[in-house]
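Number of protein chains: 2
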Amino acid sequence: MSNITKKVSWSSRPDESGAAGEGTPLLNGSEQPRHSRQLSEEGSLFQIGRLSTVDLEEERTSDEDSLRGRPKEIPHNEKLLSLKYESLDYDNIENQLFLEEERRMSHMGFRCLEISRWVVCGLIGFLTGLIACFIDIAVEQLAGIKYQVVKENIEKFTEVGGLSISLILWAVLNSAIVMLGAIIVAFFEPIAAGSGIPQIKCYLNGVKIPRVVRLKTLVVKVCGVICSVVGGLAVGKEGPMIHSGAVVAAGVSQGRSTSLKRDFKIFEYFRRDTEKRDFVSAGAAAGVSAAFGAPVGGVLFSLEEGASFWNQMLTWRIFFASMISTFTLNFFLSIYHKNPGDLSNPGLINFGRFETDSVTYNLYEIPLFIAMGAIGGLLGALFNVLNYWLTIFRIRYVHRPCLQVMEAMLVAAVTATVSFTMIYFSNDCQPLGPEHTEEYPLQLFCADGEYNSMATAFFNTPERSVRSLFHNQPGTYNPLTLGLFTLTYFFLACWTYGLSVSAGVFIPSLLIGAAWGRLCGILLASLTSSSSIWADPGKYALIGAAAQLGGIVRMTLSLTVIMVEATGNVTYGLPIMLVLMTAKIVGDYFQEGLYDIHIKLQSVPFLHWEAPATSHWLTAREVMSSPVTCLNRLEKVGTIVDILSNTSTNHNGFPVVELVTENDEGGNPAKLCGLILRSQLIVLLKHKVFVELARSRLTHRKLQLKDFRDAYPRFPPIQSIHVSQDERECMMDLREFMNPTPYTVPQVETLPGV
Amino acid sequence: MSNITKKVSWSSRPDESGAAGEGTPLLNGSEQPRHSRQLSEEGSLFQIGRLSTVDLEEERTSDEDSLRGRPKEIPHNEKLLSLKYESLDYDNIENQLFLEEERRMSHMGFRCLEISRWVVCGLIGFLTGLIACFIDIAVEQLAGIKYQVVKENIEKFTEVGGLSISLILWAVLNSAIVMLGAIIVAFFEPIAAGSGIPQIKCYLNGVKIPRVVRLKTLVVKVCGVICSVVGGLAVGKEGPMIHSGAVVAAGVSQGRSTSLKRDFKIFEYFRRDTEKRDFVSAGAAAGVSAAFGAPVGGVLFSLEEGASFWNQMLTWRIFFASMISTFTLNFFLSIYHKNPGDLSNPGLINFGRFETDSVTYNLYEIPLFIAMGAIGGLLGALFNVLNYWLTIFRIRYVHRPCLQVMEAMLVAAVTATVSFTMIYFSNDCQPLGPEHTEEYPLQLFCADGEYNSMATAFFNTPERSVRSLFHNQPGTYNPLTLGLFTLTYFFLACWTYGLSVSAGVFIPSLLIGAAWGRLCGILLASLTSSSSIWADPGKYALIGAAAQLGGIVRMTLSLTVIMVEATGNVTYGLPIMLVLMTAKIVGDYFQEGLYDIHIKLQSVPFLHWEAPATSHWLTAREVMSSPVTCLNRLEKVGTIVDILSNTSTNHNGFPVVELVTENDEGGNPAKLCGLILRSQLIVLLKHKVFVELARSRLTHRKLQLKDFRDAYPRFPPIQSIHVSQDERECMMDLREFMNPTPYTVPQVETLPGV
C-alpha cells in the first residue's frame, strides 16, 4: 500500500468521457498534477497521433506520508482510488474480425439479432418479476408466522405479567433469522451486502465491479433479503430488487452460466461489455419497476444512473422489460391473493391510491411543502453523516466476517428490544375499527376493542406501516407516538444500513419521513383547526416520505416519477418534485448522497455527471499520464508479456503505433494506428498467435471472434499464461485485432470537454 | 435547379454523428458515392490531420436527367435534400475567447448561470401553460357561440323544414373562420402550417429550419389553431402546443426579441445553438405536457425526438418546465371553471379517468389488443399513403397562397356538409339521460327527451367526442353510427392534414381510433353476450385510439407514457405498449410515419437514429467530400471571401490547417489545427479583424465573445459584407477564433460508428 497510484484509464470508456463532460474527483483544489509542464515537452507523440489514452496517474506522496503512521488494518483511504476496479469497454472494437463478421451478416441476420434483443429483454422482465414475486411471498409467509407466534406469546403473557419472556422470544427469533442472512452474505458473497444500488450505479457508469453480476450473488442476495426483512431489521426489500434485476439481465443475455458451467450456445453476439451493459440497464429498470410498480420510473432510473447516450431503441426495450416485470409480478401476486385478473398490485410496495377528489392541495401549501423538503434534506444529511462515520468505523474494526455476523445479530436484537420497549411504554390506544386494517393488532394494555397504535408502526412489515401512515384516518396516531417512532427508527435505520446483510434503505427512509410528515400534518391541523384543507395528515406523510428519501439518496427525476407512479396520482407531481429538489439542494450543502458516500468509501473511480465548474483551467495534456506505454504493430511477444506483467503500468488498453521512418528532426516519431486491449492481448497470447521471425510463416490457426467471446468476461490473468523463452522471441501481429478507430482527444481539449 | 448537390455538413453537428451511430438516407442501395476510389488516393491530408469535415456531396446526374423533362413548377424531388437547411452547431467552440471567459468566471458565476437556467425553464413552462390556457378558453368560447347559433338555427328549421338553410349557415360560418386562419398562415407565415411537430423534430435533431422559432410564427400559430378548431375542421389543438412551447423557449432563453427589437441584456450566455437547443427541448416538453397533462410524457417526447446525449441536469430541468406548464394550465383553468384549487384538468385533452376497479382487462384479451394494434397499423399506413399522394399533389399544384386558402375553405365547407348529412340521415336516437353529459344535444328528428347520437360525434369539439367515446355507457352508440363516422372522419382528417392551417393530427387520429375501437368492443360484446368482461366498449375505444394514433405517427415510448398519463391508469401500460409496438411494426412495413413523410417531402437532410444495418461496408473515407476546402491559420481575406461566396462549396465550417514546412516526400503536407465556422468568419469580416501584411500591426479593436453573441442567430449573408480591394490583400488570423478541438473521425471508421 505504500505506492498507491491512481489510474483511471479513460481510454477504455470513451463514450463516458466524450459524452457529458465528466470531471473527476481527482482534480480538486491542490491536486494539480505535477507532471504538467514536463508533459507538454515530452508529449510530442501526441502532436500527431492523438493518442486516446488520457490516463490519470498521480503518486500521492502526501497521502502516503500521512498513511505511514497508521496500523496495517486500515484497508483504504477514501481519497484514494482503488486499483482493483477496471472500466468496461464501451467502444465497439471495429477490428478486421468484427468487420468481417458484420459484413457477412445479411439484413435478415440483423433483424434476428434485433428480435433476440427483445426476447432477452422480455425474459429479463419476466424473471425479475418472478424473483420479486418469490421474495414477496416468502417474506409475507415467514413474517406472518413470526408475528403470529410473537403475538400469541405476548397475549399470553400480557395478563400473567411475564412480558420479558416475550421480549426474549422476539429478540432471539429476529437474531436467529438475521444471523442466517448475515452468514451467507459475510462468508459466501460479501458483494451481496446492502442494497446493491451503489454497485449497480458504478456498473452502469462503466466501472467493472468484480463479482457483482454473478449467479451466486443473486442467490445470496435473494435469500439474504428475505432473512433481513423477516428478521425485523429496519430495512426494505425494494433496493435489492434492482441488483437482482441487473444480475438476471447479465446472466440471461449471455446465454450461459459460468458458475453452472452451462453454455446454451445462444446470444453469443451479446458477449461483450457494450451489449451486456445495455441489458444490465434493462435489468435494473425491471427491478425498480417490480419494486415500486413504476415502469417509467424504472426506465428513468436506468437513464439517470447510467446512460450517457440516449438510444431510442434501447430505451424502448428497457421500457418493455420494465412493463413485463411489473406485469409478471402483478399477475402472479393476483393469483397468490386468489384474485386472478386484479392487476392492482403492480409493485412490492404500493402506496395505495391518493384520490384527487379527497386529497387535494392548495397553492399556499407549496411553501410548506418546500419547508418540509428542507427538513428532509437536513435529516437526510444527518443520516448520511452518521452512516459515514459508522461505515468508517466498520471498515477499520469490523472487517472480519464473524464480527460482521455478530454485529448484524446485535442490531436485530436491539431493534426487537427497542420496538418492544416503545410498544410497552406507549399508551396510545386506538379503537379497533370495523375495517380492521391492521394485520396484527396488539391489544397489550389497551381496553378491549382497542389496539396499541405504536405497535402498528413497529409490529408490522415496514411496507404496511408506510401505507397505514399514508392512509389511516386522521387521529389514528397521536403526535407523541409519531415523534418517538421517528427518533428511534431514524437511528435504527442508520445503524442498519451498511451491515453485512442484503437490504435496502428505501422503505426505512420512507417510513421515517412518513412518520414525521404525518406529525407535521397533525400539528398543522391542530394549529388551524377551522380549515378542512389541513385536515388530512396523509398527504403530509407522503410529502415527508419524499423529503426524507430524497434527503438520503438524492435521486431526483426518477424518484419523482417513482413516487408519482406509486401513488397513482399525477397531481402530486409538482409538490413532490419541489420537495425532492429542495431536499437535494439542502442536503448537498452538508454531505453527499448515501450511495455516493458508499461508492467513495469503496474507493471506486467514479466519474460524476458534471466536471467541476472551474476545470476549464485544465486540458487533456495536463491530466494524462506520460510516457505512454505503446506497442508496435508488429511487437515482440516478450515485450508484450513484460508490459502486461508490469504491475506499475497495468493499463487496460494500449495504443498501437507505427514508427514513421523519416529522420527524427520533425519530432514526429510515431503515428497512432489503433488501440488494443489487455484482454485481447491475453487471448492472443493464450492461443499463441505468433508470427515467427522468419516472416509470414504462421504458427497458429486463424483466430475467430468466437475465441474472444468464449473467454469473455473472465479473462485469465497474465500470470496464468506460460510463455516459453523461444516464444518470447516471436512476434505478434496486432493489426488484425486492434481497434483501428479508437476515440481520441486533442491535447488542448479542456477537461469538461473530454 | 439543374445542379442540385447535397451537402450534409456533418462537421457542425458532431454530437449527432458521434452519438447514436446515425446513418443517412443518402446511402441506400445504388447510391454508392462514385468518388470513393479517387478519394482514398487524394485524401492524404486525412492521414494525419483527421479532418472533421466528413461532408457528403453527390451530384445526382441520374436524378437530374429525369427531372429535366418536367415543368418548372415542381419545386422539389423528394429524394433530393434541400440546400436551404443548415445544421445547428453543437460542439462548444472552445476557442481562446471562450476559454478566457470561462476561466474568468468564478464558482459563483457558474452557480448563477445554473440558477438562471432553472429560471428560464420555469418561465418557459409558465408561458407555455398560459398559451395553452388561452387557446383552450378561446376555443371553448368561440366554439360555444358557434354551436349555439347553429343549434338554435337547426331547432328552428327542423319543424318548418328548411334545414338546407341551417346547412348553409353552418358551412359558411366554418368556411369564414377557417379562411381567417388560412390567410394568416398562407400569407404571413407558411412555416406555421400544420402541427409543427415535423419541424420541431428536425430542429431537435440538429437541422436549422428557417423561421421556425420566431415570435411571428408563434402568434400566427396560436391564432391559426384557434381558427381551425373553431372552424370545425377535423383537427386538434394539441400538436401546435409543442411548436408553441418551442418558440416560447427559444424566445425566453435569448433574453431578447429580434422581431420586437428589444434586448433585455440578460441570458447573453445562452446565445448559441447548444444552449438554445436545450431550452427548445424543454419548451417542446412543456408543450406536450400542457397538451396532454403528461409531464413525464413530455420529457420522454423531447428525448425520443431530439436527444442524442442524456444529460441528467438538463432532463431534470426539462421535467421542471413540463411540471410548471401543466400546473399553470391546471391552475388557471380551475379558476376559469370557477373551481379554484381543483387540479384535475392537467391538459388540453383529458381522457377522463379509467378506474382500475371498473375497467379491467384479462390476460386472454391481450391477443385481441394486439390484433387491434395491427388494424391500427394498417389504417395508419393507408392514412399516410393517401396523405402522401395528397401532399405531392399539393406541392405540385396548390402552392400559391390564395389557392391554399381556397382549399382550406373548401375543406371546411365539405366537413360541415358531410357532418350535416351524416347527422341528417342518422336515425340513432338515444335517450337524454339525467347526467346530460352532452354540451350541445341535437334533437333533430328524434322523439322528445332523446338526442341524435351521430351529432354527439360530429357536432362537438373533437376532444369532447373522444371522451364520450371512451366513457359513455355501453349502448350509447349503435354500430352503424360508429362505422359511418369512422369512414367519413378518416377521409376528412386525411384531407385536412397538410392544409395551410395550424392544426394537429393527434385528436383526429384518436377520434378515428376510438370510434372503430368502440365498434370492435360492441361487436365483441354482442358475440359473447354472456361474459361481463367484454361489456365495456370504453377500453376498446382506448386501445383503438392508441392503435390508430400509433399507426399514423409511429411514436412509441413517449406515446405510451402520454396515453398512460392521460388515462391516469398505469394498468393499461402494457396493453397500450404492445398495441403501439404492433401498430408501428405493421405500419412501417408499408409506409413511414406521417411526420417522417412530411420531413422527407420538405427535403430536410434528417439523420435517423440507426444507420442502415448493412452500412458497415462503408467507411468515412468513402462518404466524405473531397477535396476539402481548408483555410490556413493566417489566411488572406480575399481567399476567405471567395470561399464563402462560392455557392458550390457553401459548407458551414472549414478546417483550419497548418502547412508542415518539411519537404513533401512524406505526403503529409498539412496538419489540422482547428475548425472555424462560416458564422464566425462572417463576424470577423464584418468587424474587419484584419492583420495588415506588415505583420502584427492590428487594425481592429479586440473582438469579444459578445460580438458573436450579438450577431447570433441571424448572421448576415456574405453578400451583404463589403470588402474593399485593399482589404482583400490583408490577412486574417484565425487562431484565436477557431475551435482548436473539433470532433474528428478516422478515415477508416465505418459509417455506423461515425
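Chains as they are written, first to last, in the working numbering: chain Y, 1 to 754; chain V, 1001 to 1754.
Quick reminder that beta carbons are idealized off the backbone N, C-alpha and C, glycines included.
The straight-line gap separating the alpha-carbon atoms of A1291 of chain V and I1124 of chain V is approximately 14 Å. Taking C-beta atoms as the reference points, K1265 of chain V and F1459 of chain V fail to come closer than 9 Å.
Boundaries around A670 of chain Y are those of the beta strand (DSSP E), 670 to 677, since no alpha helix (DSSP H) includes it.
Proximity of chain V to Q312 of chain Y at the Cβ level (cut-off 7 Å) is accounted for by E1304, W1609, in chain order. Not a single CB atom of chain Y sits nearer than 9 Å to the CB of H1337 of chain V. Within the same chain, G377 come within 8 Å of I585 of chain Y by CB-CB distance, once the 5 residues on both sides are set aside. Cβ contact annotation for K1686 of chain V (same chain, cutoff 8 Å, sequence separation greater than five): A1711, P1716, I1721, in chain order. Bounds of any alpha helix (DSSP H) do not take in Y1572 of chain V, whose DSSP letter is neither H nor E. In the three-state reduction of the DSSP assignment, C730 of chain Y falls in the coil class, being assigned neither a helical nor a strand state.
A distance below 6 Å between beta-carbons, with the five flanking residues on each side excluded, links N1174 of chain V to the following residues of its chain, in chain order: G1231, G1232, A1412, A1416.
In the DSSP assignment, the residues bridged to K1636 of chain V are V:M1731. In the three-state reduction of the DSSP assignment, G1206 of chain V falls in the coil class, being assigned neither a helical nor a strand state. Spatial neighbours of P401 of chain Y in its own chain (CB-CB distance under 6 Å, excluding positions within 5 residues in sequence) are listed in chain order as A186, F187. Residue contact check for I1349 of chain V against chain Y: no CB pair falls below 9 Å.
Within chain V, the residues placing a beta-carbon under 8 Å from that of F319 of chain Y are L1557, T1560, M1577, ordered along the chain.
In this structure, DSSP gives F654 of chain Y an extended state, which the three-state scheme calls strand. The stretch 1592 to 1600 of chain V and the stretch 1373 to 1388 of chain V touch, with no fewer than 3 CB-CB distances between them shorter than 8 Å. According to the DSSP assignment, Q430 of chain Y belongs to the beta strand (DSSP E) that extends over 429 to 431.
In the DSSP annotation of this structure, the continuous segment of the alpha helix (DSSP H) that includes Y1489 of chain V starts and ends at 1479 to 1496. In the structure shown, S1257 of chain V falls within a strand segment according to DSSP collapsed to helix, strand and coil.
Beta-bridge partners of Y1451 of chain V (DSSP): V:Q1430. A direct Cα-to-Cα measurement between L684 of chain Y and M738 of chain Y gives close to 11 Å. Taken atom to atom, the span from the alpha-carbon of P1746 of chain V to that of L634 of chain Y is near 21 Å. Linking A566 of chain Y to I349 of chain Y through their CA atoms gives a straight-line distance of about 8 Å.
For R518 of chain Y, the secondary structure class from DSSP, reduced to helix, strand or coil, is helix.
The Cβ of I1137 of chain V sits no closer than 9 Å to any Cβ of chain Y. Taking A246 of chain Y as reference, the option from Y:V222, Y:G239, Y:A282 with the minimal CA-CA separation is Y:A282. Nearest neighbour of N1569 of chain V by Cα position, chosen from V:K1539, V:L1557, V:Y1589, turns out to be V:K1539. Listed along the chain, the chain Y residues whose CB falls inside 7 Å of the CB of G1573 of chain V are P295, M323.
Under the Cβ criterion of 9 Å, T1744 of chain V is counted among the residues facing chain Y. Those residues of the stretch 1453 to 1483 of chain V placed with their C-beta closer than 7 Å to a C-beta in chain Y do not exist. The C-beta of N569 of chain Y comes closer than 9 Å to at least one C-beta of chain V. A residue is called buried once 16 or more other Cβ atoms fall within 10 Å of its Cβ, and P605 of chain Y is buried on that count. For H399 of chain Y, the nearest beta carbon of chain V is not closer than 9 Å to its own beta carbon.
The DSSP-derived three-state label of T1744 of chain V is coil. For T750 of chain Y, the three-state secondary structure derived from DSSP is strand.
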